[in-house]
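Input: a single structure, listed below in structure tokens.
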Amino acid sequence: MAKSRRSPVRVLWVDDDARYVASVLPALSRSFTEVVHTTDPVEAWQKLTTGSFGLVILEVLVQEPPAGLILCRRIRAEPTLAGIPVLVLSDVDDRFGFGLKDHLDRDGFLPADDFLDKGRPTAEIVARALSLAEETDGA
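Numbering (my numbering), first residue to last: 27 to 165.
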């Protein structure tokens, strides 16, 4: 079996659910050149403004809600970062029944490019992340 090609994109993953991150991080790390993880939206902002990332994976419930949502909006409002795709990977809909994925709108309430529930299979999460990264990398 041929080894799949790694995406050259650096990923910033913002999530404070240690058990979940530990279960998905190995698969993401096999698929991308580098996956930088943080549990802190403030640290994430610092990394974004001083580093070079091609994809952000974000839990909107990170730390004190709505810190993740605020970070997503800050990314979109900053011209140098606005083009970075954001994949929201969250259990907000399962936990609160809010239907946040119904509010996905790059210029609206949840200004992300895609939304996946944390309950989705890891292979699907990786595939969606790779798809977003390729769309941007090829643009």
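All C-beta atoms in this analysis are idealised placements derived from N, C-alpha and C, irrespective of residue type, glycine included.
{"query": "At least 3 beta-carbon pairs within less than 8 Å: the segment 75–86 vs the segment 38–50", "result": "yes"}
{"query": "Secondary structure of residue 120, DSSP reduced to three states", "result": "helix"}
{"query": "Through-space distance from residue 162 to residue 88, alpha-carbon basis", "result": "25 Å"}
{"query": "Of the residues 113, 121, 117, the one placed nearest residue 153, counting alpha carbons only", "result": "113"}
{"query": "C-alpha distance - residue 96 paired with residue 64, whole-angstrom precision", "result": "16 Å"}
{"query": "Proximal residues to residue 51 (C-beta, below 8 Å), its chain only, five neighbours per side dropped", "result": "39, 61, 63"}
{"query": "Whole-angstrom C-beta distance between residue 159 and residue 54, which should lie under 8 Å", "result": "In fact, because the Cβ distance is near 11 Å, the residues do not count as touching under 8 Å."}
{"query": "For residue 34 and residue 18, the rounded distance between their alpha carbons", "result": "There is simply no residue 18 to check, as the chain begins at 27 and stops at 165 in what is shown."}
{"query": "7 Å Cβ shell around residue 99 - same chain, five flanking residues per side excluded", "result": "137"}
{"query": "Rounded separation between residue 90 and residue 66 - CA only", "result": "10 Å"}
{"query": "When 106, 148, 57 are compared against residue 76, the one with the closest alpha-carbon", "result": "106"}
{"query": "Residues of its chain near residue 195, where Cβ-Cβ distance is below 7 Å and the 5 sequence neighbours each way are ignored", "result": "Since the first and last residues shown for the chain are 27 and 165, residue 195 lies out of range."}
{"query": "7 Å Cβ cutoff met for residue 73 and residue 117", "result": "no"}
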